[in-house]
Structure formats: structure tokens, C-alpha cells
Amino acid sequence: MGNYGLSATDGRDIVIVMVVLGFLAILSTILRVVSRRMRGIKLGWDDNLMIIATCFVIASTMMVIMTVTKGGVGRHAKYVAASDQEFVLKVIIPCQILYGIGLAIVKTSIMILYYKLFGTKKSMRIAIYSTGAIVWAWAFSILIESLLLCQPVAFNWNQTIHGGKCGDRNAAFVVAGVLNMVTDFMVMSLPIPYIVKLQLPIGRKIGLLVTFLLGLFVSAISMVRVVSLMRINFADVTYSLPLPLMWSIIEEQLAIVASNLPLLRRVFSAIIPGSWIGSSNHESGWSNGQTPGRKSLSNHFAMTRMDIGVNNSQVTSGHTKHSSSVKETRWSDDGVDGQSDTDLASNGAPPGVFICQRTSEWSLTGRYSQSYNSRN
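The number in the numbering used here is simply the position in the sequence shown, starting from 1, with 852 added.
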């Protein structure tokens, strides 16, 4: 291998971008773990899979950096030794495999989170299983493509092998990229019908949708990657590879960041003023907290799972009383009672899962009470 360092501008630029975004990906995964610890819960399958995916992207990033510093990526092939070009073509194969398996792991982690949040609905469970099967079929197709596109495998980097042949590598890369975007949209669309039906104010509902659709930005990166794949010139491979390699790594890194962000609410609330990110408790009433011509009015909303029962609440002169027979629970992504990072608990519930009961009392000349039950 050569010792090209970062003297080539194209190679140096992609290394800088990958290192910065790689740091953000690693940081987001660390903060995800910290958030779980702050809530006092064990790491779930979705968390462990995200840690594995982060390790995959670290390995991929290191290999791409090596193609720049040791393989001459960013330079025209005529200025790169044949052995170094061979090294680059060899590294592309494991990078492809890590790319496919790594993204499948990220998407699986996301689907496990969806299962925790919305898995009470049979239709959602079926959709998750079906989408998961398609995602992993795509991942294994990447593996097969990487190993079988050229026969024998060594023909990928040694075009002098007698009888060797390759399929259209550019076309194969583009098809795989397009199918990846299709799976992106399938995964992102899973929670939309359920979020739309949540009992939430429009603003909060839109906020949730935006949170869960952060992956759209990753899909945009995937589109750019597909375009760059079409421009790979294997006759001048070291010069045409920087952008395809960079976009492939960036897509993985940003997929991890986008997947972790919805679960960092507890961490952000600890370091950012509460008024900036909103409160997890929902209160309603007059804007100044007082009813015209009356004493203070307090309203309380209680959400419980249907299999536990209804949480009866009474508010008298601003003091809340809860029925001792029923424990208030929260709709949480970790499956236990406690504050959910995704903040579905205090403001809404998946259709058909919760009963909401509201009772309010205040003292005037006598006592006035109001109650209603809402059943999805």
C-alpha cells in the first residue's frame, strides 16, 4: 500500500466530512444510552442494535479513510500504483456489505421502537413484520451482489483473470440504492396512521410527525448517493470514488443520528431550559389560569391502559386526588411506567388502547362537578 496521506483535495474533503458526522453519530448513540440510564431502565433490543450499527459505521468509515490515505482515492488512477488501485477495489466489497447490513440493523432498531409504541395493534405488528422481512431481504441482496456480481470474486480487482466477467456494476449499485430508498419510505410510513389518530393538539401532533419523519432527510442523502453511483468510472476508479464513498458513509451516519434523536428528550431536558423544548405534562384551561368571576380551576387528564382500568381524578380547589385503587401509567417506549422520551403518554394514546376520564370540581357558592369518559 502507498502512503498518500491527505494531500489530495478530494480525498481530504471527504475524510473531514465523514469524521465530523461520524463523531455526531457516535455522540448520539452515547446520549441514547445515557438517556436510558437517566430513566433507570435497561437497554432494550433497539438500543443494542443501534450500538451495533454504530460499530459498523465506525468500521466502514475507517476503511474509507484507508482508501484515501493508503489507496490514493481522490487522485487520478494514472498517479496511483496498480497495487494500490487493487487495494481500493478490494476494500469496496466489505464496505458494501457493512453498508447493507448496517442500514438494515438501524431500520430494525427503529421498527422495534415502533413495536413498543404501537404494537398493541395487530395491523401494526403485521406491518412491522412484513417491512422487516423486506428490509432484510434487501440487505442480503447487497451481500449476494457484492460476492457474485463478478466471477470469480477476485475479478473485481484483477481484470487479467482468464474467463472472469462482471455484470454491470453501476446498474447494480443504482438498483440497490433505489430499493434502499423504497425501504426507507416503508419504515417511515409505519407510524403515520397511528400518530394521526392520537388524541393530541395539532401542533404537538405535527411535532411528533416531524420527529418520526427525520429519516426523510436521510432518504434525500440516499437519492444524492444514487446519482453519484451512476458516475463511477472503473477506468479511473480512484478519482471517481470519493463522492460515492462519502455519501454512502454519510447516509449510515445520519440514519443513526435521526434514529437516536427522538429518544434524547430526557438528556435535552437536563441541559436545555424546559421552555425551549416544551413540558411533557399537558394542562388545559384559561390562559391566565383563572376562570372569569370564579376561583381557580384545575383540570387533570389521566391516561391508563385499558387492561388496568380507568384512573379517576378529582380536583377540588386546586388540589388533585387520585383513586388509590388504580395506578397512573404512561405510554412509554420502554414498556414500563415512567416518562417516555417520545412523549406520547401525557397527551395521547394509540386508538383503541386507552380510556380517558376527566373529572373537575371547584367551589363557588356550592360545589360543581363535571366529568366525561372518552373511549377510542
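Backbone N, C-alpha and C fix where the C-beta goes; we use that ideal spot for every residue, glycine too.
I need the boundaries of the alpha helix (DSSP H) containing residue i, first residue and last residue.
{"i": "residue 961", "result": "934-970"}
{"i": "residue 866", "result": "861-890"}
{"i": "residue 908", "result": "897-921"}
{"i": "residue 983", "result": "974-1000"}
{"i": "residue 1243", "result": "The requested residue 1243 does not occur in the structure, where the chain is confined to residues 853 to 1228."}
{"i": "residue 1045", "result": "1044-1048"}
For residue i, which residues from the same chain have a beta carbon less than 7 Å from its beta carbon, with the 5 sequence-adjacent residues on both sides left out?
{"i": "residue 970", "result": "976, 1043, 1046 and 1202"}
{"i": "residue 1103", "result": "1070, 1073, 1074 and 1077"}
{"i": "residue 877", "result": "906, 909, 1105, 1108 and 1109"}
{"i": "residue 1094", "result": "862, 863, 866, 925 and 926"}
{"i": "residue 881", "result": "902, 903, 906, 1108 and 1112"}
{"i": "residue 950", "result": "908, 911 and 912"}
{"i": "residue 1083", "result": "1092"}
{"i": "residue 948", "result": "994 and 998"}
{"i": "residue 886", "result": "1119"}
Using the three-state DSSP reduction, which class does residue i fall into: helix, strand or coil?
{"i": "residue 1105", "result": "helix"}
{"i": "residue 1057", "result": "helix"}
{"i": "residue 1017", "result": "strand"}
{"i": "residue 1144", "result": "Unreliable placement is indicated for residue 1144, whose pLDDT of 41 sits below 50; the coordinate value is still reported in the next sentence. Coil at residue 1144, not helix or strand."}
{"i": "residue 858", "result": "coil"}
{"i": "residue 1190", "result": "Residue placement at residue 1190 cannot be trusted, given a pLDDT of 44 that sits under 50; what the coordinates show is reported in the next sentence. Coil at residue 1190, not helix or strand."}
{"i": "residue 1133", "result": "With a pLDDT of 43 at residue 1133, under the threshold of 50, the modelled position of this residue cannot be trusted; read the value that follows with caution. In this structure, residue 1133 counts as coil in the three-state DSSP scheme."}
Cα-Cα, which of the options is closest to residue i?
{"i": "residue 1109", "options": "867, 1091, 1067 and 960", "result": "1067"}
{"i": "residue 867", "options": "892, 855, 906 and 918", "result": "918"}
{"i": "residue 999", "options": "972, 873, 931 and 946", "result": "946"}
{"i": "residue 902", "options": "891, 884 and 916", "result": "884"}
{"i": "residue 1012", "options": "938, 1123 and 930", "result": "938"}
{"i": "residue 1117", "options": "890, 854 and 944", "result": "890"}
{"i": "residue 1010", "options": "1121, 935, 914 and 920", "result": "935"}
{"i": "residue 1092", "options": "1031, 892 and 930", "result": "930"}
{"i": "residue 856", "options": "1023, 1090 and 922", "result": "922"}
{"i": "residue 992", "options": "940, 1060, 1085 and 1028", "result": "1028"}
{"i": "residue 874", "options": "1121, 1100, 1057 and 1122", "result": "1100"}
{"i": "residue 1014", "options": "1022, 1005 and 1021", "result": "1005"}
{"i": "residue 955", "options": "932, 988 and 941", "result": "988"}
{"i": "residue 1022", "options": "1056, 1033 and 1081", "result": "1081"}
{"i": "residue 957", "options": "1088, 1122, 990 and 1062", "result": "990"}
{"i": "residue 1040", "options": "940, 979 and 928", "result": "979"}
Counting only beta-carbon atoms, is residue i nearer than 8 Å to chain B?
{"i": "residue 1075", "result": "Within the model displayed, chain B is absent; a lone protein chain is all it includes."}
Near residue i, which residues of its chain fall below 6 Å by C-beta distance, leaving aside the five closest residues on each side in sequence?
{"i": "residue 898", "result": "961, 964 and 965"}
{"i": "residue 872", "result": "none"}
{"i": "residue 1140", "result": "Any reading at residue 1140 needs caution, since the residue's pLDDT is 42, under 50, leaving its predicted position unreliable; the model's value is listed next. Excluding residues within five positions, none has a Cβ falling inside 6 Å."}
{"i": "residue 1038", "result": "983"}
{"i": "residue 943", "result": "915 and 919"}
{"i": "residue 1130", "result": "Legend: pLDDT at residue 1130 = 48, less than 50; position of this residue unreliable, value from coordinates given subsequently. Excluding positions up to five away in sequence, the list is empty."}
For residue i, collect the residues of the same chain with a Cβ closer than 8 Å to its Cβ; drop the 5 residues on either side in sequence, then sort them by chain order.
{"i": "residue 894", "result": "888"}
{"i": "residue 869", "result": "1098 and 1102"}
{"i": "residue 1017", "result": "1002, 1003 and 1007"}
{"i": "residue 986", "result": "1035 and 1038"}
{"i": "residue 1085", "result": "1091 and 1092"}
ask   = Quick one: complete alpha helix (DSSP H) runs, 4+ long, within the stretch 1069-1097?
value = 1089-1092
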